[in-house]
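Chains as they are written, first to last, in the working numbering: chain C, 38 to 381; chain H, 38 to 381. No residue lacks a Cβ here, since even glycine has one placed at the ideal position from N, Cα and C.
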DNA sequence: TGTTAGCACTCTAGCACGTCGAGTGCTAAC
DNA sequence: GTTAGCACTCGACGTGCTAGAGTGCTAACA
């Protein structure tokens with residue numbers, strides 16, 4: 038789609054204005070407010086063309102124009118300005134880094150809060166995906182005569198624990214010996230890498246522990262199957278209420294519902310990602326609940342291994358430029374901190 | 038305040054009707070709908086008296102009556118029926134018990150979900166308060182050359198972990214010895230009981246470990262000061278949107294805001310509790326945000342030691358009877374499960 | 001003395017109607 | 001290609017009216 042320079046400017050004006058006001062905008066207003074040096078009639082003609090191209094629409098005859106979904110898509114793909122973060126925004130990100138960098142869970146909560154605060158949209162952040170982080174230490178802790186806790190520390194210094202019921206729990210000393218063995222053979226590996234051959238080998242090498250190694254390794258591997266151990270944090274859900282597009286309470290309700298359900302959040306985060314930062318506008322989204330929203334999403338990674346996701350949900354009338362730059366800033370922060378954590 | 042039998046019935050009819058419909062109710066409607074065998078004129082006279090007593094009010098002349106805050110208080114104190122749980126409700130509670138009883142965190146999440154689901158109000162649930170639970174096992178886990186994790190298992194089988202930076206982290210073997218010592222001397226004690234004399238005694242007894250015991254004990258005791266380790270779960274926030282009294286979005290926004298802030302939640306849960314189940318109606322509440330709501334709150338306990346709280350937030354027009362009975366049912370469940378956990 | 005029918009009165013919700021203003025498309029002139 | 005002018009459209013908003021639900025008061029009744 039080729040737009041003239043003037044059409045570009047007009048489309049930009051419409052989108053920028055609508056992002057701010059959520060009101061349809063007319064030719065006269067554009068002429069006055071954006072001082073383009075052409076008359077409203079000319080703008081009208083251009084707008085008519087833009088409408089033919091499907092980039093803007095009229096809610097009803099004789100109202101102003103509103104960007105269409107296609108219009109947003111065009112804007113995002115080929116005209117969106119890169120906005121630099123303001124100094125205040127950078128400061129907030131800075132502070133986020135400085136506090137609580139020793140615990141991934143805290144950092145992820147802070148990340149969500151910062152994202153929501155800086156953008157006024159709703160943030161969803163997932164912890165690093167357990168499957169893809171490396172095991173650093175395995176420790177068994179006795180609880181009672183039939184239960185032990187299996188505690189694993191990962192290279193991102195996240196702690197996972199899982200209770201484990203045995204017919205008879207071993208002595209503390211024996212648990213320590215087992216912990217030692219497991220740590221020695223599993224550290225540096227991701228859970229994904231703990232496969233059948235490795236398990237078999239361990240069971241053979243330590244045959245006299247087999248009866249107890251078996252359930253333990255089972256639990257560790259079981260963590261692959263269920264994603265229950267990846268925590269997902271949200272922040273700024275209430276921001277949704279501030280947008281006129283959600284003044285219909287039922288729409289807001291549906292989203293709040295989704296934000297409370299872990300499965301829904303995970304399916305939001307797990308949507309296909311082709312770009313570095315993926316922008317999904319309105320009903321481009323395969324999820325029914327988000328048809329009225331836009332989603333901006335990114336995966337963060339360590340060592341080029343994608344390990345978790347962060348996302349923003351807002352109205353299709355989103356300030357894409359700003360949201361993307363904040364997301365990018367935060368992305369860098371997370372990766373920086375995670376790297377620091379896993380190295381030292 | 039002494040009401041005649043008839044006044045009782047009329048007040049009850051008004052309150053029950055208003056709880057269901059959220060509409061002011063008039064004398065004629067009462068006469069028709071609740072078949073009291075008296076005419077609307079008589080009911081009008083009685084209503085006028087009830088209004089003089091301050092139990093009901095008129096939103097405007099020539100509208101029906103609405104229960105006042107005082108009316109709800111009177112109802113709750115002296116006329117509220119005890120409702121038995123339906124078999125479906127009991128079933129939900131039953132299922133809650135059966136699943137995931139081995140991890141307190143899961144149970145608390147489930148509790149919040151069940152509360153919100155059964156009442157359609159908003160639930161707030163706190164984990165058992167760390168200070169008051171007993172330590173069962175202490176384990177140090179090496180992370181890197183300067184960091185160790187301090188992991189504590191409590192008698193409710195909850196796991197707490199805290200990172201700890203040292204100038205130089207000891208060897209694994211030594212950490213195990215230390216873990217052993219700490220477990221031996223601290224297990225069975227609540228964090229509250231770890232006081233100066235106990236610490237001093239440990240430092241003297243194990244003088245050669247003093248340099249490392251010091252920071253560790255510091256961290257453990259530090260947990261007393263900050264309440265950061267008590268998780269608070271909410272569920273059913275979106276239920277708020279279903280009530281016409283929150284169709285003014287700003288009111289809803291304020292509550293959502295509070296529900297996202299841990300501090301706000303804790304101050305809600307920490308409000309004075311005189312009864313077994315505390316009902317705080319409208320602006321009886323000292324917290325500004327809850328002036329338009331009612332709060333039903335209870336503390337759960339093990340061994341008569343109150344260890345955590347559960348609460349429900351809804352409009353002042355709440356189905357108090359039902360909410361109280363659900364809360365009571367859940368309270369019993371929690372205590373039952375916690376007891377089982379700490380014993381076995 | 002308590003209860004009730006009847007009536008005048010009040011107030012809101014909802015609808016019809018007219019007006020205003022923002023916006024459009026089209027045409028003719030520049 | 002651009003613009004001024006004009007007729008037209010449609011929603012927002014204010015006004016006035018009506019219906020209906022509800023009240024309080026009074027007088028009559030058991």
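Residues bridged to residue i (per DSSP)
i, result
"residue 237 of chain H", "The partner list for residue 237 of chain H (beta bridge, DSSP) is empty, contrary to what the question assumes."
"residue 181 of chain C", "C:184"
"residue 335 of chain H", "H:314 and H:347"
"residue 257 of chain H", "Paired residue(s): none; residue 257 of chain H is not in a bridge."
"residue 174 of chain H", "H:190"
"residue 227 of chain H", "H:171"
"residue 103 of chain H", "H:94"
"residue 352 of chain H", "H:330"
"residue 342 of chain C", "C:339"
"residue 62 of chain C", "C:102"
Distance, residue j Cα to residue i Cα
i, j, result
"residue 147 of chain H", "residue 129 of chain H", "10 Å"
"residue 213 of chain H", "residue 213 of chain C", "8 Å"
"residue 249 of chain H", "residue 177 of chain H", "11 Å"
"residue 298 of chain C", "residue 154 of chain H", "13 Å"
"residue 56 of chain H", "residue 135 of chain H", "33 Å"
"residue 352 of chain C", "residue 157 of chain C", "11 Å"
"residue 112 of chain C", "residue 90 of chain C", "13 Å"
"residue 152 of chain H", "residue 368 of chain H", "10 Å"
"residue 364 of chain H", "residue 133 of chain H", "14 Å"
"residue 216 of chain C", "residue 240 of chain C", "14 Å"
"residue 303 of chain H", "residue 330 of chain H", "17 Å"
"residue 228 of chain H", "residue 285 of chain C", "49 Å"
"residue 42 of chain C", "residue 171 of chain C", "52 Å"
"residue 292 of chain C", "residue 281 of chain C", "15 Å"
"residue 67 of chain H", "residue 75 of chain H", "10 Å"
"residue 223 of chain C", "residue 338 of chain C", "22 Å"
"residue 238 of chain H", "residue 225 of chain H", "17 Å"
"residue 274 of chain C", "residue 218 of chain C", "45 Å"
"residue 72 of chain C", "residue 141 of chain C", "50 Å"
"residue 370 of chain H", "residue 100 of chain C", "59 Å"
First and last residue of the uninterrupted beta strand (DSSP E) at residue i
i, result
"residue 159 of chain H", "159–163"
"residue 271 of chain C", "269–272"
"residue 198 of chain H", "196–202"
Cut-off 6 Å between Cβ atoms - residues of its own chain near residue i, not counting five sequence neighbours on either side
i, result
"residue 162 of chain H", "145, 148, 149, 270 and 347"
"residue 315 of chain C", "334"
"residue 301 of chain C", "295"
"residue 342 of chain C", "169"
"residue 201 of chain C", "185, 187 and 256"
"residue 54 of chain C", "62"
"residue 196 of chain H", "190"
Short CB-CB distance (under 9 Å) between residue i and chain C
i, result
"residue 222 of chain H", "no"
"residue 156 of chain H", "no"
"residue 252 of chain H", "no"
"residue 284 of chain H", "yes"
"residue 161 of chain H", "no"
"residue 301 of chain H", "no"
"residue 278 of chain H", "yes"
"residue 325 of chain H", "no"
"residue 275 of chain H", "yes"
"residue 139 of chain H", "yes"
Closer than 9 Å to chain H by CB, residue i
i, result
"residue 203 of chain C", "no"
"residue 227 of chain C", "no"
"residue 174 of chain C", "yes"
"residue 194 of chain C", "yes"
"residue 206 of chain C", "no"
"residue 217 of chain C", "yes"
"residue 230 of chain C", "no"
"residue 289 of chain C", "yes"
Element boundaries [alpha helix (DSSP H), containing residue i]
i, result
"residue 41 of chain H", "First-last for residue 41 of chain H: undefined, no H or E at that position."
"residue 308 of chain H", "Segment: none, residue 308 of chain H is in no alpha helix (DSSP H) and carries neither H nor E."
"residue 367 of chain H", "357–380"
"residue 147 of chain C", "141–156"
"residue 89 of chain H", "77–89"
"residue 277 of chain H", "Residue 277 of chain H -> no alpha helix (DSSP H), and no H or E assigned at all."
Close beta carbons around residue i, own chain, < 7 Å, minus the five adjacent residues each side
i, result
"residue 361 of chain H", "314 and 333"
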